[in-house]
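Take a look at the structure below.
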Ligand SMILES: Nc1ncnc2c1ncn2[C@@H]1O[C@H](COP(=O)(O)OP(=O)(O)OP(=O)(O)O)[C@@H](O)[C@H]1O
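In the numbering used here, the protein residues as written are 1123 to 1580.
The structure is reproduced here in structure tokens:
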């Protein structure tokens, strides 16, 4: 990390201030303290620290007000709140309002050090990603690789919410990495229990309840022994419900009750069992639309979407393509025992022009196939399938027709327009799906002349 990193700690309790600043003292960090929130804000304005750690309940101003003001001064500053009155709901709410973390008092020093270390590391990666520089670095996060600012913003959110949330929804197009993000949330949560997966699109409607909650022997024809449900298997851990949009409405109602009460009733049993399970749900569908059409329960949707993470389509983060291609190439070269070391610039340009409807999974397959077929050390255009090369040159031809636009611009315009259409021109939702801020979206809309929703043609 470059330069000295400044941290401001605000707490009206002097001994707590001393304890925290001593705990965090290390080379490369410069710790500043204030026992009054107003004084703390002055320090923040003049020092522009990387991180602020503040107590929640203080005379004169609450930690939430400090957070609000810091977000106004500089939203890139990480703010950690500390409170003796911790609940997961207030933690999630604070994080949604911009907090980087919400720590329970008395703060465990080892945990604090670890959280601070991780947040500083994530901030550094975001800085490199947003500068768009070629600075080499470690672009891995729990099995995912990415260089784009949108993905590093997402990883930062995973880092922040992982220790706190109870239920969470991941949205994103097929093959964009939802499964990996769900696993990352579990890994970063520090939970000791298992990560258990249920793919809702693969379950027969009548067996849903028995899969989730288990059953007792004799509960129905064919139930010849007791069966433990996935909910119980995930006790103390995470239950990942993939393709949640495919879950039948009556199962949704039962699941919602189980989540709220943290207890399950196996099919055929009269005895409820206590469980402590976090839910991560994922979908590539527009659940809000499904709610409007009566295909998804509204109360269940609101419960799940208390925290919502959205994976941007690969075509909206072209800067990840070269990194992902090298990552997959190394893996496949190892698997196939072949000496393939890189991808030519020409082939990379082809990959960057393509629209990737199947997202990262499709890129993974394309690189795998090329690696299997090539006889050279470097993958070139001839090793890519014809449909990729063809579609990519059509995109190029389209861009050449419009000499004002570069190839990447025309691709980006298409993606932004598609997402705006999918979200019914709701800018907040479109910005979230694209993984960019609303100002950045407005800038792109202006740049590409996507001023407003086109009039409906008759
Ligand atoms: N950022 C990434 N870095 C490395 N590999 C990735 C990344 N994103 C996705 N992948 C790989 O791409 C493939 C698809 O990812 P994943 O299964 O997580 O997508 P998904 O969004 O859950 O897909 P679906 O909607 O079909 O369930 C996997 O093989 C995964 O390992």
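Note that CB positions come from ideal geometry on N, CA and C, so glycine has one too. Since the structure is predicted, the reported quantities are computational estimates derived from the model, not experimental observations.
- Using a Cβ distance threshold of 9 Å, residue 1204 and residue 1133 count as a contacting pair.
- According to the DSSP assignment, residue 1321 belongs to no alpha helix (DSSP H) but to the beta strand (DSSP E) extending over 1317 to 1321.
- If you check the CB distance, residue 1163 and residue 1128 do not come in under 9 Å.
- The criterion of a C-beta distance shorter than 9 Å is satisfied by residue 1399 and residue 1357.
- Setting aside the 5 residues that flank it on each side, residue 1155 is surrounded in the same chain by 1131, 1139 and 1143, each with a C-beta closer than 7 Å to its C-beta; the list follows chain order.
- Each residue's CA atom was taken as its position, placing residue 1555 and residue 1434 some 6 Å apart.
- Contact between residue 1482 and residue 1446 is confirmed by a C-beta separation of about 6 Å, below the 8 Å threshold.
- Listed as beta-bridge partners of residue 1193 by DSSP are no residues whatsoever.
- Here the alpha carbons of residue 1512 and residue 1304 stand approximately 35 Å from one another.
- Taking the Cβ of residue 1404 as the reference point, at least one heavy atom of ligand 1 falls within a distance shorter than 8 Å.
- The beta strand (DSSP E) runs of length 3 or more contained entirely in the stretch 1134 to 1190 are, from start to end of the chain, 1151 to 1156 and 1173 to 1177.
- Its chain contains 1477, 1478, 1533 and 1537 as the residues whose beta carbon lies nearer than 7 Å to that of residue 1437, once the 5 sequence neighbours on both sides are disregarded; these appear in chain order.
- In terms of Cβ geometry, residue 1369 and residue 1361 do not form a close pair [threshold 9 Å].
- One Cα belongs to residue 1492, the other to residue 1459, and the distance between them is close to 14 Å.
- Within the stretch 1214 to 1290, the complete alpha helix (DSSP H) segments at least 4 residues long are 1231 to 1253 and 1271 to 1283, listed from N- to C-terminus.
- In the DSSP assignment, residue 1203 falls outside any alpha helix (DSSP H) and within the unbroken beta strand (DSSP E) covering 1200 to 1205.
- When DSSP states are grouped into helix, strand and coil, residue 1362 belongs to the strand group.
- Closest by C-alpha distance to residue 1294, out of 1386, 1450 and 1405, is 1405.
- Fewer than three beta-carbon pairs drawn from the stretch 1309 to 1327 and the stretch 1456 to 1474 are found closer than 8 Å, and the two stretches are therefore not classed as touching.
- Only residues of its own chain outside the window of five on either side were considered, and among them 1545 have a CB closer than 6 Å to the CB of residue 1551, listed in chain order.
- 9 Å or more divides the Cβ of residue 1271 from the Cβ of residue 1240.
- In chain order, 1268, 1270, 1272, 1273 and 1557 place their CB closer than 8 Å to the CB of residue 1439, counting only its own chain and leaving out the 5 sequence neighbours on each side.
- Here residue 1292 carries a strand assignment [DSSP, helix/strand/coil].
- With a minimum length of 4 residues, the unbroken runs of alpha helix (DSSP H) contained wholly in the stretch 1432 to 1513 fall at 1443 to 1458, 1467 to 1475 and 1481 to 1495.
- Of the other Cβ atoms in all chains shown, 16 or more fall within 10 Å of the Cβ of residue 1505; this residue is therefore buried.
- With a threshold of 16 other beta carbon atoms within 10 Å, residue 1568 falls short and is exposed.
- Using a cutoff of 8 Å, the CB of residue 1300 counts as near ligand 1, since one of the ligand's heavy atoms is closer than that.
- Counting the other CB atoms within 10 Å of its CB gives residue 1126 a total below 16, which places it among the exposed residues.
- In the three-state DSSP reduction, residue 1210 falls in the helix class (H, G or I).
- Cα atoms of residue 1566 and residue 1535: separation of roughly 8 Å, rounded to the nearest angstrom.
- Rounded to the nearest whole angstrom, the CA to CA distance from residue 1302 to residue 1224 is 24 Å.
- Classified as buried, residue 1286 has 16 or more neighbouring CB atoms from the shown chains inside 10 Å of its CB.
- A distance of 9 Å or more separates the beta carbons of residue 1367 and residue 1329.
- Counting the other CB atoms within 10 Å of its CB gives residue 1418 a total of 16 or more, which places it among the buried residues.
- Counting the other CB atoms within 10 Å of its CB gives residue 1195 a total below 16, which places it among the exposed residues.
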